[in-house]
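Report on the structure given below.
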Amino acid sequence: MALTTMNIYELLRYLLSLIFSLILLVKSLLLKFYDFKRKFEHNLSLSIRRLLPRPKKIKLDVIPRHLSFILGEENVSLESVCKLVEYCRRYNVNNVTIYSPYGQQFESEDKLETLIIKLRRTVSDRVDLRVNRRKIDGFDDCIPTDRQILNVYLLNNKAGRHAIIEAAKEICKSAFLSTYGTYITTKISISQGFDKDVDEFRFVKSWALVD
1 MALTTMNIYE LLRYLLSLIF SLILLVKSLL LKFYDFKRKF EHNLSLSIRR LLPRPKKIKL
61 DVIPRHLSFI LGEENVSLES VCKLVEYCRR YNVNNVTIYS PYGQQFESED KLETLIIKLR
121 RTVSDRVDLR VNRRKIDGFD DCIPTDRQIL NVYLLNNKAG RHAIIEAAKE ICKSAFLSTY
181 GTYITTKISI SQGFDKDVDE FRFVKSWALV D
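Under UniProt numbering, the first residue of the sequence shown carries the number 1, and numbering increases by one thereafter.
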């Protein structure tokens with residue numbers, strides 16, 4: 001009886017050892033498969049990039065001093081707005097206007113203050129940041145400074161949708177009628193939710209003035 005019990009224990013120990021070895025083998029195979037899959041996807045991505053035509057680099061002879069952006073109905077994150085402003089600053093665009101006609105981004109003072117705090121953390125410390133004409137750094141305006149001045153204007157739907165449409169119309173008319181000046185070509189699409197007569201400006205090739 002004792003011999004039979006010992007044999008059972010030995011058999012169980014052998015089976016457990018075999019199961020453990022199988023688990024280690026499966027784990028090793030899975031790791032190798034994952035590594036192969038990662039390398040394959042990386043090489044495939046590189047091959048596709050080589051086949052795709054490279055985008056043309058845009059070279060601007062004149063950097064615009066003021067850029068305006070109209071946010072859509074999507075709820076854009078505050079981090080994305082901050083990155084957009086910082087990206088403009090790096091290219092020496094010192095006046096940035098962000099208009100949120102649907103009001104999700106700047107609908108309350110709390111959201112606006114949160115965005116201002118994130119802007120201050122995102123933008124370089126060497127920049128004199130002013131949001132809606134309010135100085136954020138705390139430096140006295142009377143003290144002369146050689147720091148770069150970045151003006152950011154955050155406008156919500158209270159600024160009026162109709163005014164934005166009229167401004168877009170004026171930009172389009174000025175671009176088509178003017179025979180002088182420097183323009184940046186870009187395609188814009190204005191949502192139908194703005195105004196009843198906005199259809200004529202959908203998918204229009206517009207020009208942003210470089211002042």
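Every residue, glycine too, gets a C-beta built ideally from N, C-alpha and C.
- Going by C-alpha positions, His66 is about 10 Å away from Val152.
- Assigned with DSSP and collapsed to three states, Asn95 falls in strand.
- Within the same chain, Leu115, Lys118 come within 6 Å of Leu78 by CB-CB distance, once the 5 residues on both sides are set aside.
- Asn43 and Leu12 have their C-alpha atoms roughly 46 Å apart.
- Nearest Cα to Gln148 within the set Arg134, Ser124, Leu25, Phe40: Ser124.
- Here Tyr99 is buried, its C-beta having at least 16 other C-beta atoms within 10 Å.
- About 11 Å separates the Cβ atoms of Val131 and Leu155, ruling out a contact at the 8 Å cut-off.
- Ile117: member of the alpha helix (DSSP H) spanning 109-122, first to last residue.
- Within its own chain, the residues whose Cβ lies closer than 8 Å to the Cβ of Arg126, once the five positions on either side in sequence are excluded, are Arg147, Gln148, listed in chain order.
- By the CB criterion at 9 Å, Phe69 and Val93 fall outside the cutoff.
- DSSP places Leu67 in the uninterrupted beta strand (DSSP E) bounded by 66-70.
- Counted as a single uninterrupted DSSP element, the stretch harbouring Leu52 is not any alpha helix (DSSP H), since DSSP gives it neither H nor E.
- DSSP, read as helix, strand or coil, puts Ile149 in strand.
- By the neighbour-count definition (other C-beta atoms within 10 Å, threshold 16), Leu15 is an exposed residue.
- The continuous beta strand (DSSP E) containing Val131 extends over residues 127-131.
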